[in-house]
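Comments concern the structure below.
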Amino acid sequence: MITLFPTKKSDPELAPFRPGLVFAFFNALAWQIGIGTPMVLFAEQLGASPFQVGLAYSFVFVLTPVQIVSTALLPKYGFKTVMLGGWGTRSVFLGVPMVLAAITLKYGEQPWMVQALIWSVFLFCVFRSIGAASSNAWFYAILPESVRGRYFASDQFVSAVGGVGTLLASAALFAFLPVYTALLVQYAIALGGSTVSYFSLKQLPDAERPKSISLRTVAADTPRHLFTPSPFRTYAWLAVLCAVVVTPIPPFCAYYLKVGPKLEPGQIMLFEVARYLGVMAGAWIIRRRIDAKGARPFFLVALLFYLVVGAYWLLFLHTGFAGRAGIFAAYFVLGLGAVMWAVANLNYLPKIVSAEDRTLAVAVHGAVTATLGGLSPVLWGLLLRRGDIETSGINVAAFEWFFICVIAGAAVLWWRMARIHEEKGDPADPIMIGNAILRPFRAMTYLANLIEPAEPKKEESAADASKSAGA
50 MITLFPTKKS DPELAPFRPG LVFAFFNALA WQIGIGTPMV LFAEQLGASP FQVGLAYSFV
110 FVLTPVQIVS TALLPKYGFK TVMLGGWGTR SVFLGVPMVL AAITLKYGEQ PWMVQALIWS
170 VFLFCVFRSI GAASSNAWFY AILPESVRGR YFASDQFVSA VGGVGTLLAS AALFAFLPVY
230 TALLVQYAIA LGGSTVSYFS LKQLPDAERP KSISLRTVAA DTPRHLFTPS PFRTYAWLAV
290 LCAVVVTPIP PFCAYYLKVG PKLEPGQIML FEVARYLGVM AGAWIIRRRI DAKGARPFFL
350 VALLFYLVVG AYWLLFLHTG FAGRAGIFAA YFVLGLGAVM WAVANLNYLP KIVSAEDRTL
410 AVAVHGAVTA TLGGLSPVLW GLLLRRGDIE TSGINVAAFE WFFICVIAGA AVLWWRMARI
470 HEEKGDPADP IMIGNAILRP FRAMTYLANL IEPAEPKKEE SAADASKSAG A
């Protein structure tokens with residue numbers, strides 16, 4: 050019998066860490082709504098401009114430096130305290146959109162509501178960043194080496210079930226309820242999921258307080274990694290360019306479909322389901338092949354997918370080609386491209402940094418890529434607005450230029466990535482960041498961590514155990 054969460058009968062080794070997988074499932078309900086497409090649709094419904102939507106969507110990326118700085122809290126307070134503090138506080142700010150939705154049901158939209166929603170997303174992302182400074186390092190520290198692979202695979206599975214289930218539920222709510230009633234229910238689901246995930250975290254054991262790389266060392270060594278000629282420097286800046294090109298695609302596609310063709314929110318949520326189906330299909334395809342073929346072919350395939358997505362949207366904006374079926378396919382291909390790039394990145398990075406530099410170099414890569422890529426929706430939001438920064442609607446001509454830039458950026462990156470050096474079969478373990486694979490556009494934020502990896506836990510042999518017992 051297949052179970053969503055491990056039990057003592059189905060997997061006795063993994064069962065003690067069941068609360069972590071419960072956390073992953075219910076946490077998906079919170080992030081899928083609080084900083085995903087439902088948030089974008091809520092902002093548009095309140096009258097937000099492209100700039101305001103881009104700003105709200107960018108917070109999860111541009112606040113990555115907060116995550117870096119928060120790493121300094123871990124040696125003093127420990128993994129569990131920092132993550133519980135961040136996750137518990139962020140839940141409070143999911144209540145703000147609930148209140149806004151309830152007020153609109155009685156009094157209608159008010160001019161101040163867009164700003165209130167944006168501030169709630171900002172504060173949600175601030176405390177999410179504080180908690181995220183602990184998450185991956187904490188799980189890595191408490192998991193025995195023998196179950197680590199199964200745990201992260203299970204983490205991805207339960208997150209996928211929770212995430213896609215949330216998208217389908219959101220689509221159904223938009224289809225059968227008035228929009229603000231649907232949003233009220235969705236944010237209640239998000240708040241409930243966040244609350245359950247918090248109490249699940251409380252059941253996990255803490256780990257020994259870690260040592261983190263000092264911020265002074267970060268300030269001194271970061272320029273060396275980013276500006277001294279090396280394979281890492283070359284790849285890091287190519288990854289930044291890719292993030293700048295592709296990060297704005299999801300929020301502005303959703304925004305355009307709402308204000309341009311004026312599709313119903315439920316229909317737009319089904320397109321999001323297509324994107325996550327693409328993510329899951331891509332993850333299944335790449336996981337069996339990347340070790341043999343290396344990361345470079347998958348970087349190139351991802352960029353071809355991005356180019357196809359840009360070309361389709363440009364054609365659609367001119368002619369309406371293929372209609373909703375074409376949009377569904379474009380979302381699916383976007384998911385394929387995003388996860389292929391993300392998984393290839395996690396496999397390629399360890400091959401181009403030395404073991405002694407790995408922790409800082411990977412953190413620098415994640416922080417710079419996420420932060421600079423996250424600024425892209427803000428800048429494009431300024432260019433796509435139809436009037437001032439608070440006027441709703443989208444400049445379609447500027448939106449066409451956006452996709453021309455996507456096509457050009459993907460083509461330039463493909464040409465350059467085809468020339469990166471990679472030795473097949475390099476003995477470098479890929480980076481494991483759990484369910485971030487299901488969030489490929491945000492995967493870079495999970496790399497920004499200054500904690501030295503814990504030594505793997507070793508199981509005692511039977512002989513050692515007997516000897517210890519005899520002693």
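Sequential numbering from 50 applies to the sequence shown in the numbering used here.
Ideal Cβ positions, reconstructed from N, Cα and C, are used throughout, including at glycine.
Every value quoted in this text rests on a predicted model; they were computed, and no experiment measured them.
Open item on the list: Restricting to Cα atoms, I'd like to know which of 156, 111, 443 is closest to residue 309.
Closed with: Each of 156, 111, 443 was checked against the Cα of residue 309, and the nearest Cα belongs to 443.
Task: Per-residue DSSP class, three states only, for residue 434 - done: strand
Task: Beta-carbon proximity list for residue 393, same chain, < 8 Å, skipping 5 on both sides - done: The residues are 335, 339, 344, 345, 347, 348, 351.
TODO: Tell whether a beta-carbon distance below 8 Å holds between residue 179 and residue 109.
DONE: The Cβ-Cβ distance between residue 179 and residue 109 does not fall below 8 Å.
Task: Limits of the alpha helix (DSSP H) - the one that residue 246 falls within - done: 228-251
TODO: Reducing DSSP to helix, strand and coil, say where residue 339 ends up.
DONE: It is helical.
Task: Backbone CA spacing between residue 432 and residue 260 [nearest angstrom] - done: 44 Å
Task: Supposed contact pair residue 146 and residue 304 - C-beta distance, whole angstroms, cut 8 Å - done: Going by Cβ atoms, the distance from residue 304 to residue 146 rounds to 17 Å, so no, they are not a contact pair.
- [ ] Please report how far the alpha carbon of residue 507 lies from the alpha carbon of residue 386, in whole angstroms.
- [x] With a pLDDT of 46 at residue 507, under the threshold of 50, the modelled position of this residue cannot be trusted; read the value that follows with caution. Cα to Cα, residue 507 sits roughly 37 Å from residue 386.
Open item on the list: Assuming residue 389 is part of the alpha helix (DSSP H), what are its boundary residues?
Closed with: Start and end: 372-397.
Open item on the list: Which residues does DSSP list as the beta-bridge partners of residue 261?
Closed with: 500
Open item on the list: Using a Cβ distance threshold of 8 Å, determine whether the region 404-422 contacts the region 285-305, with at least three qualifying pairs required.
Closed with: yes
Task: DSSP state of residue 443 mapped onto helix, strand, coil - done: strand
Open item on the list: Does residue 546 pass the burial test, meaning 16 or more other C-beta atoms within 10 Å, or should it be called exposed?
Closed with: One cannot answer for residue 546 here, as it falls past the ends of the chain, which runs 50 to 520.
Open item on the list: DSSP three-state label for residue 204, please.
Closed with: helix
Task: 8 Å CB neighbourhood of residue 463 in its chain, flanking five on each side removed - done: 349, 352, 353, 356
TODO: Give the secondary structure of residue 453 by DSSP, where H, G and I count as helix, E and B as strand, and everything else as coil.
DONE: The answer is helix: DSSP assigns residue 453 an H, G or I state.
- [ ] Label residue 57 either buried or exposed according to how many other C-beta atoms from any shown protein chain fall within 10 Å of its C-beta, with 16 as the threshold for buried.
- [x] exposed
Task: Residues near residue 143 in its chain [Cβ-Cβ closer than 7 Å; skip 5 each side] - done: Excluding sequence neighbours, residue 143 sits near 79, 83, 173, 236, 239, 240, 243.
- [ ] Could you tell me whether the Cβ atoms of residue 494 and residue 415 are closer together than 8 Å?
- [x] yes
Open item on the list: Rounding to the nearest angstrom, what Cα-Cα distance links residue 127 and residue 497 in this structure?
Closed with: 17 Å
TODO: Under 7 Å Cβ to Cβ from residue 222, same chain only, skipping five residues before and after it: list those, please.
DONE: 231, 234, 235
Open item on the list: Would you call the region 86-105 in contact with the region 191-204, where contact means no fewer than 3 C-beta pairs closer than 8 Å?
Closed with: The region 86-105 makes no contact with the region 191-204, as fewer than three CB pairs between them are under 8 Å.
Task: Those runs of the alpha helix (DSSP H) which lie wholly inside the region 105-142 and span at least 4 residues - done: 113-119, 123-126, 128-141
TODO: Give every residue of the same chain whose Cβ lies closer than 7 Å to the Cβ of residue 94, excluding the five residues on either side of it in the sequence, and list them in chain order.
DONE: 228
TODO: Answer yes if the region 436-450 comes into contact with the region 372-385, meaning at least three C-beta pairs across the two stretches below 8 Å, and no otherwise.
DONE: no
Task: residue 274 classed as buried or exposed, judged by whether at least 16 other C-beta atoms fall within 10 angstroms - done: When all chains shown are included, residue 274 counts as buried.
- [ ] Please list, in chain order, all residues of the same chain as residue 176 whose beta carbon is under 6 Å from its beta carbon, the five residues on each side excluded.
- [x] Closer than 6 Å at the Cβ level, and outside the excluded window around residue 176, lie 135, 138, 139.
- [ ] Alpha carbon to alpha carbon, how far is residue 389 from residue 543? Give it in angstroms, no decimals.
- [x] What the structure shows of the chain is the stretch from 50 to 520, and residue 543 is not part of that stretch, so it cannot be assessed.
Task: Burial state of residue 489, where buried means 16 or more other Cβ atoms lie within 10 Å - done: buried
- [ ] Would you grab the beta carbon distance between residue 434 and residue 381 for me? Rounded to a whole angstrom, and I think it's under 8 Å.
- [x] At roughly 29 Å, the Cβ-Cβ gap does not stay under 8 Å, so residue 434 and residue 381 are not in contact.
Task: Check whether residue 402 and residue 410 have beta carbons under 8 Å apart - done: yes
- [ ] Within its chain, find whatever has a CB closer than 7 Å to the CB of residue 97; leave out the 5 residues flanking it on each side and keep chain order.
- [x] Taken in chain order, the residues that qualify are 163, 441.
Open item on the list: Do residue 70 and residue 267 count as a contact pair if the criterion is CB distance below 8 Å?
Closed with: Cβ distance not < 8 Å, so residue 267 and residue 70 don't count as in contact.
TODO: Would you check if the distance between the CB atom of residue 81 and the CB atom of residue 215 is smaller than 8 Å?
DONE: yes
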